[in-house]
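A.B. asks: Numbering (our numbering), first residue to last: 438 to 1238.
Backbone N, C-alpha and C fix where the C-beta goes; we use that ideal spot for every residue, glycine too.
Quick one: the structure is below, questions incoming.
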């Protein structure tokens, strides 16, 4: 199956035509205006110089039908990708290798009947908005694309099919799909169980359990938080759970089961290969007027969602209807503006830490039956039929049917069986059949004007998101939203729960972390923990070293934060790796070790000088650097050597789970907020081990480059390549740790000052001959240089701001 897919991709690359002259990809008049008549109401659409639609209409029906129409103009192929990914229909057009992704969606997603039921639960306003949005998409398909083949994007011509009409069910499926990508946290219990099993097998139950807690602690009080620590409930040292929980024996019932846990990861790789967003991340901060050199609250929003082609984000302004006057970023397929501003407020979001998924071990009492509350209970079963392409591009589309059996227990979808051990695994989600509930609060965000109104909406969000807020009255605020269920007493939430009925959620949720106008006058988040009392989810761990420090250190200084700072901070943090400057706490240990244990290695003096002169960043300049800094190269190899030297003998293959914070806990010892259960240095002087690891690192690097001349240790900086799945390259930029979308908002009165940028452009249109539309890549040069365009909010048809 995989070789067939490679043939398809090779053919895509060989046949795809590259851009020559731009071709118009919409129906706009020369002055930028178009009109649509919707039920006797005129919707007016103005496209600015970047192709962004500013839509004016007096009713929701007209406003959102025009919006759907413009989305179809700009992102018709992306709409098709989104609904196929969300409904498990990628293999129908892309062939056998996408079958795994479709199976994942069919297994964990909803049936057509369930999606239809979800749609019956929406409010009348939501029904009108979604119906209008769908009508707008279909209007463009019927009135433009079906009458003029040149308006049908290249991808449809190449793959040999035409876009079908969009449905409300498509929006419901895609909405649930995206909510899970960016708001579903947890479900890593099987990976944790495999880690614990490995440690127990190597060291025995008691020692293995202790080492597991050294690798998967529940709360490190030294980890930086978004909500300032003073006034928060404090936690005591020793929350690493050294005692065996009462229910551990039941939780270990499925240990060693042969169940694949990487299906979702493979599906994400397949989605990403087509430009469907899968990445989690995002940073944000806000400052109050007394911390702002501008004399007004300021907000930066930087969601990190990967660098897909087509770009995941499009922009829109909606003015009219039932109180809408909002501009910002959205996803093609659902109508809410997700991050943006109106005339009074600005907001942004990041992925949060609220654990909302649990894995259950089901005890089988038959091939597809399980024990629950003492009763042998048949699993709910159905058969999905997936259409899979069997013809190559360039010939008429032909498919074959592939049957796929899907099972559910009372807890949720069954993700795997191990009949030899007599177990199955299922997953329970707090947001099951509720993802679409997020529509209402997101529509409310754009019409909020005070922190109280915004919080009213935030409390309706079902899944895990951090929201950062600022307004033109000088308020700033932060909420971590989403329902985090309380877990049954006596069981460890990091491991699968027994599914026989004794470990059900007892009801109730953890309190929502909130901070409004803190005394420190600023708030910052980079997916870090919200508050000192908030325990880590099963798949994440937060320690003293955290990348949010790159933002917090800038904001915490005595100086006022200027608009120039708001633009500069992203350029600075773009220079660091995933966890930030990991040398922040570890490098001083190495420097002291070099003082305590002099080395005779000939390269150590030069390496030490490079480390002392190094600022901890991967690259020296985010725009111009061509290579990684020498200090970065030496430190990273040293850190890897040090991890293996410290933990390798006890942990074996589990050493891959060691990160900078695990090493810090070992070096901090009893002074750590998570003191390790063992002396991983085995009584030896850690200074000796650190120096020896540096010497080994230098030898390894010299061997790799075949020279001891450090000036020739050149590690080239990678590039981010915007390459269409069919082979067309839209452009490339130097790789850096940056956001996919960025907005800077100065909330002045009477007029807000705002700027934003996206990686490519408003449109993703590729004409049938392979040429690109005029707004497909016109923002890339700005994006490459960390520059921004105005983020306009017009208040009337005269285009006044």
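Which whole runs of the beta strand (DSSP E) in the region 713 to 743 are 3 residues long or more, in chain order?
C.D. replies: Counting only runs of 3 or more, we get 720 to 724 and 735 to 739.
A.B. asks: Please check the pair residue 1127 and residue 1100, which I expect to be a contact at CB under 8 angstroms, by giving their CB distance rounded to whole angstroms.
C.D. replies: About 10 angstroms; that fails the 8 angstroms criterion.
A.B. asks: Three or more C-beta pairs closer than 8 angstroms, one from the region 759 to 774 and one from the region 1012 to 1031: is that the case here?
C.D. replies: With the cut-off at 8 angstroms, the region 759 to 774 and the region 1012 to 1031 do not touch.
A.B. asks: Express the C-alpha separation of residue 1120 and residue 869 in angstroms, rounding to a whole number.
C.D. replies: Those two C-alpha atoms are separated by around 50 angstroms.
A.B. asks: If I follow the unbroken alpha helix (DSSP H) through residue 1015, where does it start and stop?
C.D. replies: Careful: residue 1015 lies outside any alpha helix (DSSP H) and carries neither H nor E.
A.B. asks: Which first and last residues belong to the alpha helix (DSSP H) in which residue 649 is found?
C.D. replies: 642 to 652 is the extent of the alpha helix (DSSP H) around residue 649.
A.B. asks: Comparing alpha-carbon positions, which option in 1197, 1188, 1165 and 1147 lies nearest residue 1176?
C.D. replies: That would be 1197, whose Cα lies nearest to the Cα of residue 1176.
A.B. asks: Look at the alpha carbon of residue 948 and the alpha carbon of residue 773, and state the distance between them as a whole number of angstroms.
C.D. replies: Approximately 26 angstroms between the Cα atoms of the pair.
A.B. asks: What is the residue span of the alpha helix (DSSP H) that residue 861 lies within?
C.D. replies: First-last for residue 861: 860 to 866, but that is the beta strand (DSSP E), not the alpha helix (DSSP H).
A.B. asks: Starting from the C-beta of residue 738, find all residues in its chain whose C-beta is less than 6 angstroms away, skip the five residues before and the five after it, and write them out in chain order.
C.D. replies: Once the five neighbours on either side are set aside, the close Cβ partners of residue 738 are 721, 776, 785 and 1180.
A.B. asks: I'd like to check one pair, residue 841 with residue 852: are the Cβ atoms closer than 8 angstroms?
C.D. replies: Cβ atoms of residue 852 and residue 841: not closer than 8 angstroms.
A.B. asks: Which same chain residues, not among the five before or five after residue 1145, have their C-beta less than 8 angstroms away from its C-beta?
C.D. replies: Result list for residue 1145: 1039, 1040 and 1139, in chain order.
A.B. asks: With the cut-off set at 8 angstroms, would you say residue 931 and residue 626 are in Cβ contact?
C.D. replies: Result yes, Cβ atoms of residue 931 and residue 626 sit closer than 8 angstroms.
A.B. asks: Can you tell me which of the three DSSP states residue 922 falls into?
C.D. replies: Reduced to three states, the DSSP call for residue 922 is strand.
A.B. asks: Using the three-state DSSP reduction, which class does residue 466 fall into: helix, strand or coil?
C.D. replies: Only weak support exists for where residue 466 lies, its pLDDT of 49 falling under 50; the value from the coordinates is given anyway. Of the three classes helix, strand and coil, the one that applies to residue 466 here is coil, per DSSP.
A.B. asks: Which residues mark the beginning and the end of the beta strand (DSSP E) in which residue 1158 is found?
C.D. replies: 1156 to 1160 is the span of the beta strand (DSSP E), which, as asked, contains residue 1158.
A.B. asks: Which runs of the beta strand (DSSP E) at least 3 residues long sit entirely within the region 842 to 897? Give them in chain order.
C.D. replies: Listed in chain order, they are 851 to 855 and 860 to 866.
A.B. asks: Starting from residue 1002 and walking both ways along the alpha helix (DSSP H), at which residues does that stretch end?
C.D. replies: It spans 1000 to 1010 - the alpha helix (DSSP H) in which residue 1002 sits, taken as one unbroken run.
A.B. asks: Where residue 1226 and residue 866 are concerned, what is the direct C-alpha to C-alpha distance, given to the nearest angstrom?
C.D. replies: Rounded to the nearest angstrom, the two C-alpha atoms are 40 angstroms apart.
A.B. asks: Within 10 Å of its beta-carbon, does residue 1135 have 16 or more other beta-carbons around it, so buried, or fewer, so exposed?
C.D. replies: Buried, because 16 or more other Cβ atoms sit within 10 Å of the Cβ of residue 1135.
A.B. asks: I think residue 834 touches residue 597, with their Cβ atoms under 8 angstroms apart; what is that distance to the nearest whole Å?
C.D. replies: About 5 angstroms separates the two Cβ atoms, so the contact holds.
A.B. asks: Comparing alpha-carbon positions, which option in 524, 509 and 605 lies nearest residue 1246?
C.D. replies: The structure shown has nothing for residue 1246, since the chain only spans 438 to 1238.
A.B. asks: Residue range of the alpha helix (DSSP H) that residue 709 falls in?
C.D. replies: Segment 700 to 710, the alpha helix (DSSP H) holding residue 709.
A.B. asks: Can you tell which of 727, 806, 1124 and 1098 has its C-alpha closest to the C-alpha of residue 1029?
C.D. replies: The shortest C-alpha separation from residue 1029 is found at 1124.
A.B. asks: Got a sec, what are the start and stop residues for the alpha helix (DSSP H) residue 577 sits in?
C.D. replies: Unbroken alpha helix (DSSP H) run through residue 577: 561 to 577.
A.B. asks: Is residue 1155 closer than 8 angstroms to residue 1169 when the C-beta atoms are compared?
C.D. replies: The answer is no: Cβ separation not under 8 angstroms.
A.B. asks: Could you tell me the distance, in whole angstroms, from the CA atom of residue 1301 to the CA atom of residue 895?
C.D. replies: Outside the displayed range of the chain (438 to 1238) lies residue 1301, so it cannot be described from this structure.
A.B. asks: With DSSP as the reference, please indicate the residues paired to residue 917 in a beta bridge.
C.D. replies: Looking at the DSSP assignment, residue 917 forms a beta bridge with 903.
A.B. asks: Measure the alpha-carbon distance for residue 485 versus residue 1195 and round it to whole angstroms.
C.D. replies: Between residue 485 and residue 1195, the C-alpha separation is close to 15 angstroms.
A.B. asks: Looking at the secondary structure, which residues open and close the beta strand (DSSP E) in which residue 1327 lies?
C.D. replies: Not covered by the structure: residue 1327. The range shown for the chain is 438 to 1238.
A.B. asks: With which residues is residue 953 paired in a DSSP beta bridge?
C.D. replies: Answer is 914.
A.B. asks: For residue 995, count neighbouring Cβ atoms within 10 angstroms of its own Cβ and tell me buried if that reaches 16, exposed if not.
C.D. replies: By the neighbour-count rule (16 or more Cβ atoms within 10 Å), residue 995 is not buried but exposed.
A.B. asks: Compare the beta carbon distance of residue 1148 and residue 1075 with 8 angstroms and say whether it is the shorter of the two.
C.D. replies: Not a contact, by the Cβ cut-off of 8 angstroms.
A.B. asks: The beta strand (DSSP E) that contains residue 557, what's its start and end?
C.D. replies: No beta strand (DSSP E) contains residue 557, which is instead part of the alpha helix (DSSP H) from 549 to 557.
A.B. asks: How big is the Cα-Cα spacing for residue 965 and residue 476?
C.D. replies: Roughly 48 angstroms between the two C-alpha positions.
A.B. asks: Please classify residue 1060: is it buried, with 16 or more other beta-carbons within 10 angstroms of its beta-carbon, or exposed?
C.D. replies: Under this definition residue 1060 is an exposed residue.
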